[in-house]
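Okay, structure first, notes after.
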Amino acid sequence: MNNRTPLYTALERHAAEGRVSLHTPGHKGCAPALEKLSLALDLTELPDTDALYEAEGVIAEAERLATALFCADGTVFSAGGCSLAIQAMLRCCCGEGDRIIMDRGSHRMAVNAAALLGLEPVWLMSEREWGEDGLCPLPCAADVERLLAAHPDAAAVYITSPDYMGRMCDIAAISAVCSARDVPLLVDNAHGSHLIAFDDLHPLRRGASMTACSAHKTLPVLTGGAFLSSADPKLSCRMKGAMSLFGSTSPSYLIMASLDLCRAWLQEEGTAALRRTAALCEDIRTAAVQAGFGLPDGECDPMRVTLLTRSAGISGNAAAQLLREAGFEPEYADDACVVLLPTPFVTDDQMARLKEAVASLTDNRTQTEYPALPPIAEIISAARGSERAMPLRAAALARRETVDTAASVGRTAAVPVCPCPPGVPVVMPGERICETCARLLLAMGVDKVECVS
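Read in order, the letters of the sequence shown correspond to residues 6 to 458 in the numbering used here.
Written out as C-alpha cells, the structure is:
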C-alpha cells in the first residue's frame, strides 16, 4: 500500500523551515482571530446554520454586518475566492452579447468569466506616457471617457485597483465619468480588502458600483474567503443568484466563519492594527530608497512593499533569494522587482529585521548584468493593434492545441498570453498572433502558445 502524502509532506517541510511569510494568505498561520475555528465547525446546510445562496438566517445576519462595515448597500460572502466574486460581479451587470470596457491588464479569471458569459470586451489601455518606474501606466478617467464615448452601449466598466504592484487607479475620477453616463464601475479589489481601514482608500468609498475583495490575501481569513459588495440596490439584489450560477453547492462553512470572524476583528482591533502595519511598511520603503531601490509611481497601497531593484544594481530574483537566506519568503520576484506583503500578523520584531534585511540587500551585490527589459513599447503597440479573428467566448471554448511560438504566426490564441513583466497581455483569446507578437513572446521566453485548433 502506498501511504505517501507528497503534498502534505511538502507543506509540513515548508512550514518547518520557519521563514517569515511575506506572501498570501494574510493570516500568516498565526492570526488569533482564527484560533476559534476547529473541525467541529466544518458543517453543512442545517436548520440552524443557514444556506449561503438562500441566506435568511445567521449567514444573512453576518452578511448584513459586513455590509455595514463596507458602508455598502449589500455584501455577500464567497467561499470560492475572489474568482467567484468576480464571476458573479460580471453576471450582475452583463448579459450574453453585452459589450464591456475592460482593463486589458485584468486577471485571467475575469477574462475567462467574460468568455463564459459571452461578453464582448473592449480593451482598456492607457494612452499616458510611461513613468520612470518602468511599469505599464494604469487606466485613468480620460481613457475611460474616450472608450465610453466610442462605445455608448457598454454595459459596464471593469478595472483592477490596486494592481499586483500595489498601484491604485483614481477611482473617484473614473467613477465620475461612469456615473455621468449611468454605467456601473466594477472594481477588482482582490489585493485591497484591507483598504477598508484607511479612510477613503477603498474603491466603494470612492464611488465604485461593485467591488470583489479577496479577503484571504491580506486579512485573517482562510484561503478562498472573499467579499462581494455593491453600492447599487439594483445590483445588490442580483448577487446571490449570480454567485450560485458559478459557485459550489457545498461552500465551506469554515471559510464563511473566518469571514465573519474577520469582520468582527476589523471592527474591534483590526483597523488600528492595519494602520500600524502600514506605518512600518513606510519605514521599510524609506530604508529601501536609501539603499538605492525604486518604488512604483503614483498613489499606492500603503501595506504593500514593491521594490524596483535595477536602480540598486541587483536583480529582483537575486534580492528575493537574499531575503530567503535572511529568513523571509517574498510574495513575488522577477528580474526587475520584489513584492512583499506584510500584515499585522508579522510581528514588530520581524518587521524590524525585515527593514534591516532590505537595507542590506545591496551591501554585497555581485550581479552587474541583467536580462534586457522587455520591449514594452512594442508590446503595447502589438496589443493595441491585435486583430480579432473570432469572439472571445468561441476562442476560449474551442478545441485547442499547443503550438511552438515560432510557428504560431497567423494562428488564433485560445488563452491570454501575458508575460510578466510588464503584465500586459500580448494577445487575448480570439486574437490573431502576428509576426510581431510571436517575436515579442519569444524574446520574453514564451516558447509555446495555446491556439485554437
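Heads up, the beta-carbon is just placed ideally off N, CA and C, and yes, glycines get one too.
Because the structure is a prediction, the values reported are computed rather than measured.
Indicate the three-state DSSP secondary structure (helix, strand or coil) for L129 in the structure shown. strand
Measuring straight from C-alpha to C-alpha, what distance separates F203 and P434? 37 Å
Which residues in the same chain have their Cβ closer than 6 Å to the Cβ of A115, if we skip the five residues on either side of it in sequence? I91
Are C87 and K222 touching if we call contact CB-CB under 9 Å? yes
From this set, Y58, L259 and M308, which residue's C-alpha is nearest I289's C-alpha? M308
Taking just the CA atoms, how far does L95 sit from V192? 10 Å
Just tell me which of G79, T282 and Y163 has its CA closest to the CA of M130. Y163
Below 8 Å on the Cβ atoms is my contact criterion, and I expect D237 with D78 to pass it. Report the Cβ-Cβ distance as a whole number of Å. 6 Å
Would DSSP call I289 helix, strand or coil? helix
Using a 10 Å radius around the Cβ and a threshold of 16 neighbouring Cβ atoms, would you call T72 buried or exposed? buried
Between G450 and A231, is the Cβ-Cβ spacing less than 9 Å? no
Do L264 and K41 have their C-beta atoms within less than 9 Å of each other? no
If I'm right that M173 touches D354 with Cβ under 8 Å, what's the distance once you round it to whole angstroms? Not quite, the Cβ-Cβ distance comes to about 30 Å (not below 8 Å), so this is no contact.
From E336, T407, S458 and L227, residue whose alpha carbon lies closest to that of A36: L227
Could you tell me if N322 is buried or exposed, where buried requires 16 or more neighbouring beta carbons within 10 angstroms of its beta carbon? buried
Under 8 Å from any heavy atom of the ligand MN, does the C-beta of C423 make it? Among the components modelled here there is no ligand, and therefore nothing to report on the ligand MN.
Mark P52 as exposed unless 16 or more other C-beta atoms lie within 10 angstroms of its C-beta, in which case mark it buried. exposed
Tell me whether the beta-carbon of E455 lies closer than 9 Å to the beta-carbon of E406. yes
Can you tell which of C97, V414, A262 and D452 has its C-alpha closest to the C-alpha of S249? C97
Taking DSSP's pairing of strands, which residues face K453 in a bridge? D409
Out of curiosity, what's the CA-to-CA distance linking P30 and H19? 15 Å
Since A119 contacts P126 with CB under 8 Å, what's their CB separation in whole angstroms? 6 Å
Within the same chain, show all residues whose beta-carbon is closer than 7 Å to that of R104, passing over the 5 residues directly before and after it, in chain order. E125, V127, H156, D158, A159 and A160
Taking V310 as the reference, which of C145, K360, P256 and R243 has the closest Cα? K360
Compare the C-alpha of L397 against each of V343, R113 and Y58 and name the closest. R113
Please list the terminal residues of the continuous alpha helix (DSSP H) segment that includes G110. Taken as a continuous stretch (DSSP letters only), G110 belongs to no alpha helix (DSSP H), as it is neither H nor E.
Going by DSSP in three states, D148 sits in which element: helix, strand or coil? helix
If you draw a straight line from the alpha carbon of H207 to that of T80, how long is it in whole angstroms? 14 Å
Within a Cβ cutoff of 6 Å, which residues of the same chain sit near A146, ignoring the five residues on either side of it in sequence? A178, I179 and V182
For A400 and A443, which I take to be in contact (beta-carbon distance under 8 Å), what is that distance rounded to the nearest angstrom? Not really, about 17 Å apart at Cβ, beyond 8 Å.
Less than 9 Å between the beta carbons of L190 and A213, yes or no? yes
Per DSSP, which one or two residues make a beta bridge with A283? In DSSP, A283 forms no bridge with anything.
According to the neighbour-count rule (16 or more other Cβ atoms, all chains shown, within 10 Å of its Cβ), is V188 buried or exposed? buried
Is M94 close to chain C? Criterion is C-beta to C-beta, closer than 9 Å. Among the chains of the structure shown, chain C does not appear; only one protein chain is present.
If we ignore side chains and look at the alpha-carbon of each, how far apart do Q295 and G62 end up? 54 Å
Based on DSSP bridge pairs, tell me the residues matched to F82. F232
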